[in-house]
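>
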Amino acid sequence: MGKTIITLLRESVEKYRGLPYLYEARQGTEYTALTYGEVQEHAIRFAAGLMALGLRAGERVSLISEGKNNWVLGELGILHAGAVCVPLSVKLETEQDITFRVNHSDSVMVLASDQQIAKLRPMKEKFTTVKRYILLDPVETVGEDEIYFDAVLALGDKLLETDRKQVEERMAAVEPDSLANISYTSGTTANPKGIMLSHDNYVCNAEQAVDHLNGIPSYFKTLLILPWDHSFGHTAGIYSFMKCGAAIASVAAGKSTMEILRNVPKSMKAINPHLLMSVPALAANFRKNIEAGIEKQGKTAWRLFRQGLKVAYAYNGEGHNRGKGKRALLKPLVTFYDKMIFSKIRQNFASNLQYFIGGGALLDIELQRFFYAIGIPMYQGYGLSEASPIISANCTQAHKLGSSGKTMPRMDIRIGDEAMNPLPVGKKGEILIRGGNVMKGYWKNPEATAETIVDGWLRTGDMGYLDSDGYLYVLGRTKSLLISNDGEKFSPEGIEESITAKSEYIDQCVLHNNQSPYTTALLTVNKEALKRRTADPSEAVRIIAGEIAAYMKGGKYDGLFPYRWIPTAFAIIEEPFSEKNGMVNSTMKIVKHKVYERYAKEIEMLHTPDGKKSDSEHNLKILLGLLS
């Protein structure tokens, strides 16, 4: 029997009424908290206010805001009113991206922060169904179709006073299968689709995650740095913590996105979280800051730090075999380095932090080894918004570096061939899952729904395999696979990430092979790093070519990947792939189909005799401009 999010909150209030649930800092980093009881009260008041404004059950309300208390209260209010929340990324900038989602969902209201309403106001005429805008923060001027969040609460108080029964009946009518969210895909391989997630989808996946972790103690706090609009933030943060009576905090408020980002270290200090949800880019930045701090202490401290890492790497092994066999002999040294260095790093970074949960199927294993060594394990997981989103994760009791962990409880998984027939252990195929966390389908897109959910199985579109211990290894998107002229397939992500991670000169790499004789690459370069080496385009192109050649026979990374998938030819792209130009989505992933469309001529050129040369006219011209 499923549950609604309304029921989940009610059960938590019964157990944890007086415990803090939401922490927020509106001025500086002075945090205050709302308790579970207060959150429920506010949610019901806001729901009543929305009803007073005419919101009907089943209607859609878009929500675009930085993380804050009113974000959660807004969504909970929408759900208590029997309506559907459409969370939008604050990283959406173009009118096309925003209007598509608002109009496609037929949103009748929009909840927006002060920063986001300024972005939306010039677009209002393009929103075909929106009647009202609700402001989550104070602003200088308020439009005729705009109303403050607190004013909606006041309307709710009046309705609760005069007709509380109406509000209670609306809440009681919400069922586990009722639609809770329409969460739009970021579109790495296709245009965005509206993922329909029910109340029960979220509650089911939150309960799966909590059981997988063996519970989250009620004293736990997390700083929710990840985007709140994404299902990962919803499930792993908002609803998993709600289930356990634990607390979530938003990053301290700022006047701009950059100011909010700069507040992350201050917020870390103020909240001192026990658990963090992370993505590779964020974790890599944390590591960079830690290493910079050690370097400042001098050569001796740096040498001791590197020695400690080496010992810890050897002792930790692959996680599941930590300290076993001959590794046990290293324990005294591990204890020594932990006392001398790593404990001090943890104290400075976040003394309460016990572990990370890392999103992203291809999280750099070296990054995992680093955080494991300093005593803050980073447990890699794998998910998909269509699965609400958590499918698998490593955790304290089941950890194997390089894998995406074991699948959630009460979830079926299958590795299937093209016809979805099950494949044996160790065989690569498409990852298929089945369970209560699988979406209801795509909004207004029955064709895509039928293609994605077949006989109750969710076709993830990701390639992977299961090992003999039940750990899942994710290899990448099937739609992003390199396909050679003889039909062999290979996932490019590992190569792309390795090239950019191991080269100081190559910032971004997108591989391409669509049944061609050889693989090609589109590269963006670090012009400052190149400038430090040379101002000569011919020399610069030789340096870049050398970075690629390192993966071929006799090179530094020989054998790391099959030769046929290492790019034979490359084109340097002048403009970095970014959110601004639409080549990177809101989760910081390169949108490959857009890159392929934008640079179709360059890809075609790479299959000509001149284009195949590393010192092609194209590459020399681009480098001349970048280095001048």
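Residue numbering for the sequence shown follows the numbering used here, starting at 533 and increasing by one per position. Glycine residues also receive a C-beta, built at the ideal position from the N, C-alpha and C atoms. On a predicted model such as this, the values are computed, not experimentally measured, just so you know.
Restricting to runs no shorter than 4 residues, where is the alpha helix (DSSP H) found entirely within the region 618-651?
Within the region 618-651, the runs of alpha helix (DSSP H) at least 4 residues long that lie entirely inside it are, in chain order, 627-636.
> Can you list, in chain order, the stretches of the alpha helix (DSSP H) that have 4 or more residues and sit fully within the region 755-807?
772-776, 789-794 and 796-803
> Have a look at N1117 and Q829 and give me their C-alpha separation to the nearest angstrom.
38 Å
> Rounded C-beta distance between D944 and I965? I'm assuming under 8 Å.
7 Å
> Select from F881, L1156 and P864 the residue whose C-alpha is nearest the C-alpha of M800.
F881
> Quick one: give me the first and last residue of the beta strand (DSSP E) that H1044 is part of.
I1038 to H1044
> Can you tell me whether P1069 is buried or exposed, with buried defined as 16 or more other CB within 10 angstroms of its CB?
buried
> Starting from N969, trace the beta strand (DSSP E) in both directions and tell me its first and last residue.
First-last for N969: undefined, no H or E at that position.
> Assess contact between the region 972-985 and the region 933-948, defined as three or more Cβ pairs (one per stretch) separated by less than 8 Å. Is contact present?
Contact fails: fewer than three Cβ-Cβ distances are below 8 Å.
> Enumerated in chain order, which unbroken segments of the beta strand (DSSP E) with a length of 3 residues or greater are wholly contained in the region 940-968?
943-948 and 961-967
> On the premise that T939 lies in contact with L1004, defined as a C-beta separation below 8 Å, what is that separation, rounded to the nearest angstrom?
6 Å
> In three-state terms, what does DSSP make of I1135?
Helix, per DSSP.
> Whether or not the region 1011-1024 and the region 1081-1092 are in contact is what I'm after, with contact meaning three or more pairs of Cβ atoms, one per stretch, closer than 8 Å; do they touch?
no
> How far does the beta strand (DSSP E) with S924 in it extend, from its first residue to its last?
I922 to A925
> Quick one: grab the DSSP three-state call for N602.
helix
> Does the beta-carbon distance from I666 to L643 come in below 8 Å?
yes
> For S645 versus S597, is the C-beta distance shorter than 8 Å?
Yes.
> Ends of the alpha helix (DSSP H) at Q912?
It is not in any alpha helix (DSSP H) - Q912 instead sits in the beta strand (DSSP E) that spans M910 to G915.
> Compute the beta-carbon to beta-carbon distance between G599 and W760, rounded to the nearest angstrom, for a pair I have assumed lies under 8 Å.
5 Å
> Measure the alpha-carbon distance for K858 versus N926 and round it to whole angstroms.
24 Å
> Can you tell me where the alpha helix (DSSP H) with P978 in it begins and where it stops?
Taken as a continuous stretch (DSSP letters only), the alpha helix (DSSP H) holding P978 covers P978 to T984.
> Assuming L1055 contacts F1102 under a Cβ cut-off of 8 Å, what Cβ separation, rounded to an integer in Å, is found between them?
5 Å
> I need the boundaries of the beta strand (DSSP E) containing D1068, first residue and last residue.
Careful: D1068 lies outside any beta strand (DSSP E) and carries neither H nor E.
> If we ignore side chains and look at the alpha-carbon of each, how far apart do Y716 and K787 end up?
26 Å
> Below 8 Å on the Cβ atoms is my guess for L551 versus S750; work out the distance and round it to an integer in Å.
6 Å
> Between which two residues does the beta strand (DSSP E) holding P1024 run?
Per DSSP, P1024 belongs to no beta strand (DSSP E) and is neither H nor E.
> If you drop the 5 nearest sequence neighbours on each side, which residues of the same chain put their C-beta closer than 8 Å to that of Q1047?
I1015, S1016, N1017 and G1019
> Taking only the alpha-carbon atoms, compute the straight-line gap between F752 and F902 and give it to the nearest angstrom.
Approximately 24 Å between the Cα atoms of the pair.
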